[in-house]
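Below you'll find the structure, written out as structure tokens, and then a few comments.
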Amino acid sequence: MKIKFSLILVILSIFLIACQAGMDNRTVYESHDADHHDNKVESYETDDHDDEKDGDHEGHDHDDEKDGDHEGHDHDDEKDGDHDDEKDGDDQNDKNSDYDSSYYNYDEEETYEDDLKSITVIDDPSNISWPRNVTINERKFTIESRPERVATISLGHDEILFGISDTNQIVATTSFAQDDGSNIQSKADGLPTISSDPETIISVNPEIIFADPYASVELIDALEDAGIIVIQTQLDNSIEGRKNDVWLMSYITGNLPNAKILTDQIDNNIKALQNITSKNSDVENKLITLSWWDAYWTAGIGSTEDSVITLGGGNNLSALNGVESNSTIDKELLISMNPEIILITQSVTWGGKDFYDQLFSDDSLSSINAIKNNKVFMVNSNWWGTLSYWNLKGSEELAKILYDLESIEGFEQF
-7 MKIKFSLILV ILSIFLIACQ AGMDNRTVYE SHDADHHDNK VESYETDDHD
43 DEKDGDHEGH DHDDEKDGDH EGHDHDDEKD GDHDDEKDGD DQNDKNSDYD
93 SSYYNYDEEE TYEDDLKSIT VIDDPSNISW PRNVTINERK FTIESRPERV
143 ATISLGHDEI LFGISDTNQI VATTSFAQDD GSNIQSKADG LPTISSDPET
193 IISVNPEIIF ADPYASVELI DALEDAGIIV IQTQLDNSIE GRKNDVWLMS
243 YITGNLPNAK ILTDQIDNNI KALQNITSKN SDVENKLITL SWWDAYWTAG
293 IGSTEDSVIT LGGGNNLSAL NGVESNSTID KELLISMNPE IILITQSVTW
343 GGKDFYDQLF SDDSLSSINA IKNNKVFMVN SNWWGTLSYW NLKGSEELAK
393 ILYDLESIEG FEQF
């Protein structure tokens, strides 16, 4: 009996030991699984940062990538316990994260080569790393890294720049950008203004200045002597040309994801306008633009206004009558063209309303259909004369006039 009892005790002890070992073993595996999960998360996060170091991600929250320093993610600093640096890094990271999420979202795998290859001045459209090379007016420019300080000395360039960047990178504007005649007045408000005086430009310490081809040689030389890269580009009048202007400036300034967003919006708005004009061909659309500067001025072949008219569904009589660009016409031609609609592209500030009244008070013009039928419209001059994508707003305005619409379905505001 004693032997049986002892045997039972031995078996029971072995069972209890085995159970405890099983529990211990389960604890080991759970701990291993948790560690393995933590390692996977840490590895994933590390891979993300490695990708950021290796890849070229356009945008305003990567200014410090040129130095390889990602604030708020520096694990070595965290190990060292430098809390001040960690706090500063977190603050900067929060700022960049907020900006990144509010300004754009983009696919990191995007290459943009298809969008860039039509821009002949870009030396290698497949290269979206730094440095980047462009050859403009037979001069080669090398942009070593994403510029942190950029400005322009032309309103059209200002408007494009604010479509792809903001005051994290833009350090000044022309005075025109902050006037009533600007489409970016509220965005540019508060920034320093610069002019053709080189000292005003040098004082804001830009790395890159965009200028039109008509900037003086003396100005360009003075800026380049101060170590500033000056990029002179001719802004295009056509819709495709406008998009290429956006892509080129984005390539140089390191804002390609923003260019993708903006040009997609441009394409969307073009499609919205075409949907209206293609379905409604039976409208009075024979028109001209008109303004008064000691003579009648109208927009003809190759002008910005001509492209605005075409996209908005109009038929530009000035272009059809051989008028080139923006030119003067005499009263006889104005009467003989007999437009169904007259668009006054002159602002109220510069006498547009006075000119409007003058057209109706001149008895010699009373036979013109537009005047006879009260089809003279004052349009927003900011949209009609600008050398940027903002002239799509002019086409929207015209389509509303022609088709008597309150809004254009699908047209997004810039």
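The numbering of the sequence shown is this note's numbering, which starts it at -7 and goes up by one.
Here a beta-carbon is modelled for each residue, glycine too, at the ideal position from N, C-alpha and C.
All figures in this text were calculated on a predicted structure; none of them were measured in a lab.
Inset, instruction - Pair every Cβ in the stretch 275 to 288 with every Cβ in the stretch 248 to 261, then say whether three or more of these pairs are closer than 8 Å. - result: no
Legend entry - Alpha-carbon spacing of T112 relative to N125, whole angstroms: The residue given as residue 112 occupies position 120 in the sequence shown. The residue given as residue 125 occupies position 133 in the sequence shown. Computed Cα separation, rounded: 12 Å.
Inset, instruction - Can you tell me which of the three DSSP states F403 falls into? - result: Within the sequence shown, the letter at position 411 stands for residue 403. Of the three classes helix, strand and coil, the one that applies to F403 here is coil, per DSSP.
Inset, instruction - Tell me whether A164 sits in a helix, a strand or coil according to DSSP, three-state version. - result: Working through the sequence shown from its first residue, we reach residue 164 at position 172. Looking at A164 - three-state DSSP - the assignment turns out to be coil, as it is neither helix nor strand.
Legend entry - D83 burial status per 10 Å Cβ neighbour count (16 or more: buried): Walking along the sequence shown from the start, residue 83 turns up at place 91. A caution first: D83 carries a pLDDT of 46, below 50, which makes its placement in the model too unreliable to give a value.
Inset, instruction - Between the Cα of A362 and those of S328, D106, V238, spot the shortest distance and give me the residue it belongs to. - result: As a working mapping, residue 362 is identified with position 370 in the sequence shown. Answer by Cα proximity: S328.
Legend entry - Cα-Cα separation, W239 to S380: Stepping through the sequence shown from its first residue, residue 239 is reached at position 247. Stepping through the sequence shown from its first residue, residue 380 is reached at position 388. Looking at the two C-alpha atoms, the distance is approximately 12 Å.
Legend entry - Cutoff 8 Å; reference D171; Cβ partners in own chain excluding five residues on either side: Residue 171 sits at position 179 when you count from the first residue of the sequence shown. Result list for D171: Q177, in chain order.
Legend entry - CA nearest to the CA of S399, picked from W342, N197, N261: On the sequence shown, position 407 is the one that residue 399 refers to. Of W342, N197, N261, the residue nearest in Cα terms is N261.
Inset, instruction - Have a look at the DSSP bridge pairing and note the partners of F347. - result: In the sequence shown, the residue the question calls residue 347 occupies position 355. F347 is not bridged to any residue.
Legend entry - Nearest neighbour of N372, chosen from G155, G173, A169 [CA to CA]: Taking the sequence shown and counting its residues from 1, the one referred to as residue 372 is at position 380. It is G173 whose Cα lies nearest to the Cα of N372.
Legend entry - I120 to P205 span [Cα, whole Å]: Here residue 120 corresponds to residue number 128 of the sequence shown, with the count starting at 1. Here residue 205 corresponds to residue number 213 of the sequence shown, with the count starting at 1. Near 26 Å, if we compare the C-alpha coordinates of P205 and I120.
Inset, instruction - Tell me, please, which residues DSSP counts as bridged to L215. - result: To locate residue 215, count along the sequence shown from 1; it is residue 223. The partner list for L215 (beta bridge, DSSP) is empty, contrary to what the question assumes.
Inset, instruction - Can you have a look at D213 and say buried or exposed, based on whether 16 or more other CB atoms are within 10 angstroms of its CB? - result: Sequence index remark: in the sequence shown, residue 213 carries index 221 (1-based). It counts as exposed.
Legend entry - Given 8 Å, three or more beta-carbon pairs between the stretch 342 to 361 and the stretch 146 to 165: no
Inset, instruction - Sort out for me which residues DSSP pairs N308 with in a bridge. - result: As a position in the sequence shown, residue 308 is number 316, starting the count at 1. Looking at the DSSP assignment, N308 forms a beta bridge with L279.
Inset, instruction - Quick one: using the 10 Å Cβ neighbour count with 16 as the cut-off for buried, is K132 buried or exposed? - result: Locating residue 132 in the sequence shown gives position 140, where the first residue counts as 1. Result: exposed.
Legend entry - For I321 and E297, the rounded distance between their alpha carbons: By one-based count along the sequence shown, residue 297 stands at place 305. By one-based count along the sequence shown, residue 321 stands at place 329. Approximately 16 Å between the Cα atoms of the pair.
Inset, instruction - Name the residue from N229, T166, G219 whose alpha carbon lies nearest to the alpha carbon of A408. - result: It is not possible to answer for residue 408, since the shown part of the chain is limited to -7 through 406.
Inset, instruction - Please name the residue, chosen from D396, W375, L394, that lies closest to Q405 on a Cα-to-Cα basis. - result: Along the sequence shown, one-based indexing puts residue 405 at 413. The option with the nearest alpha carbon to Q405 is W375.
Inset, instruction - Specify the secondary structure class of S299 as computed by DSSP and reduced to three states. - result: Residue numbering aside, residue 299 sits at position 307 when the sequence shown is read from its first letter. Here S299 sits in helix by DSSP.
Legend entry - For Q224, three-class secondary structure by DSSP: Numbered from 1 along the sequence shown, position 232 holds the residue referred to as residue 224. It is a strand residue.
Legend entry - Cβ-based neighbour list, E105, same chain, cut-off 7 Å, excluding 5 preceding and 5 following: The residue you call residue 105 lines up with position 113 of the sequence shown. The residues are P117, S118.
Inset, instruction - Tell me whether N236 sits in a helix, a strand or coil according to DSSP, three-state version. - result: Stepping through the sequence shown from its first residue, residue 236 is reached at position 244. Correct three-state label for N236: helix.
Legend entry - Other residues of its chain near G386: CB distance less than 6 Å, five sequence neighbours each side excluded: Translated into positions along the sequence shown, residue 386 becomes position 394. Result list for G386: V300, W375, W376, in chain order.
Legend entry - Presumed contact (8 Å Cβ cut-off) between K471 and Y288, rounded CB distance: One cannot answer for residue 471 here, as it falls past the ends of the chain, which runs -7 to 406.
Inset, instruction - Could you spell out where the beta strand (DSSP E) holding L335 opens and where it closes? - result: As a first step, residue 335 must be located in the sequence shown, where it is residue number 343. Residues 333 to 336.
Inset, instruction - Take P184 and list the residues in its own chain whose beta-carbon comes closer than 6 Å to its own, dropping the five residues that flank it on each side. - result: Within the sequence shown, the letter at position 192 stands for residue 184. A164, V196, listed in sequence order.
Inset, instruction - Compare the Cα-Cα distances from W285 to each of L153, Q350, K179 and report the closest residue. - result: On the sequence shown, residue 285 is found 293 positions in, with the first residue counted as 1. The shortest Cα separation from W285 among L153, Q350, K179 belongs to Q350.
Legend entry - Bridge partner(s) assigned by DSSP for S319: In the sequence shown, the residue the question calls residue 319 occupies position 327. The partner list for S319 (beta bridge, DSSP) reads T290.
Inset, instruction - Closer than 6 Å by C-beta to L227: which residues in its own chain qualify, once you throw out the five before and the five after it? Chain order, please. - result: For the purposes of this step, residue 227 is identified with residue 235 of the sequence shown, where counting begins at 1. Closer than 6 Å at the Cβ level, and outside the excluded window around L227, lie G148, D237, L379.
Legend entry - Limits of the unbroken alpha helix (DSSP H) element including N125: Residue mapping note: residue 125 aligns to position 133 of the sequence shown, counting from 1. From DSSP, N125 is part of no alpha helix (DSSP H) but of the beta strand (DSSP E) over 124 to 128.
Inset, instruction - Consult DSSP for K132 and reduce its assignment to one of helix, strand or coil. - result: Here residue 132 refers to the residue found at position 140 of the sequence shown. Note: K132 maps to strand in three-state DSSP.
Legend entry - Residue from T103, S353, A264, L325 whose Cα sits closest to the Cα of T290: Position 298 of the sequence shown, counted from the start, is the residue given in the question as residue 290. Per the Cα distances, L325.
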